[in-house]
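The numbering used here numbers the first residue of the sequence shown as 100 and each following residue consecutively. To start, the structure itself, in C-alpha cells.
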Amino acid sequence: MYIFIDESGIHKKIDHSSFALVYIEVENFDMIEKRICEIEKELKIEKFHWSEIAWKFKEKFIQKALKLDFKVKIAIIKNPVNPARELERILSHMAIEKRISCIYIDGKKPKWYALKIKKVLRDKGVSSGKVRMVKDDQVACVRLADMVAGLSRSHFDKKNEKRLQGYYKMLEKKLVILMQ
C-alpha cells in the first residue's frame, strides 16, 4: 500500500485546513501513476495543481481522476491551527495500516513536517525510512492528493458550491474516514 499526503489551507487564518491522505493499493500504483499522466496529457497541462489550474481544466481533471481506483481519508480542521500539533493528532488516527510500502509527502513542506510525520509513524511501528518528501512533478499520485485536498477544502469552505457539489459526492464514495 502506498500513501500520498497533501494538505490545503493550513496557512490561512480563516476557513478550514484539509489534510488528505490518498491510499493506493500496491497492485494499482503503476496504473494510476500512468493514468494521471495520461489525463494531464489529454488536457494539455504540464501537471495538475489545484491552485494553479483554470476551472475548465480542473473540472475535467476531477471528472477523470475520480474514476480511478483509490481510497481517501480526510481530516477537516477549522483554522487557525497549529499545523504541527494537528498533523500529529490526525496522523495518529489515520495512519493505522500495517502494510505500508511507502509514504510520499508533497515536498514543499518544512523540515518539521517530515520529522513530525516520521515520529508519528515510528510510534505506530512504521519505519521512518518509508517516508519520502517529493515534489509533485516527481510522483503523479501526489498530484491526485493535491486534487483531493483542494476539492475537500473548497467543499467545506463552501467555495464554488454548485460547481463542486457533484464532484465531492463522487469523492465521498471513496472515503474511508472523514474527521472534523
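Even glycine gets a Cβ: it sits at the ideal position worked out from N, Cα and C.
What is the rounded straight-line gap between the Cα of residue i and the Cα of residue j?
i, j, result
"N127", "I102", "12 Å"
"A183", "D236", "25 Å"
"E185", "E141", "37 Å"
"K155", "S117", "23 Å"
"S200", "M100", "5 Å"
"G224", "F147", "33 Å"
"Q264", "K197", "34 Å"
"W48", "I138", "Residue coverage of the chain in this structure runs from 100 to 279, which leaves residue 48 outside it and unanswerable."
"H192", "L274", "15 Å"
"K272", "D205", "24 Å"
How should residue i be labelled, buried or exposed, when 16 other C-beta atoms within 10 angstroms of its C-beta is the threshold for buried?
i, result
"K215", "buried"
By Cβ distance below 7 Å, which residues in the same chain neighbour residue i in space, the five residues on each side in sequence not counted?
i, result
"R134", "L167"
"S227", "K217, L220 and R221"
Below 6 Å CB to CB, which residues in the same chain sit around residue i once its five sequence neighbours on both sides are set aside?
i, result
"L277", "I173"
Rounded to whole angstroms, how far is the Cβ of residue i from the Cβ of residue j, which I believe are closer than 8 Å?
i, j, result
"N178", "K258", "That belief does not hold up - the Cβ atoms of N178 and K258 are roughly 14 Å apart, past 8 Å."
"L270", "V241", "Rounded, the Cβ-Cβ distance is 17 Å, inconsistent with contact."
Going by beta carbon distance, what residues of the same chain come within less than 8 Å of residue i, once the five residues before and after it are set aside?
i, result
"K208", "M232"
"Y266", "E158, I161, Q162, L165 and L250"
On the DSSP bridge list, what partners appear for residue i?
i, result
"L57", "The chain is shown only over 100 to 279; residue 57 falls outside these bounds and no answer can be derived."
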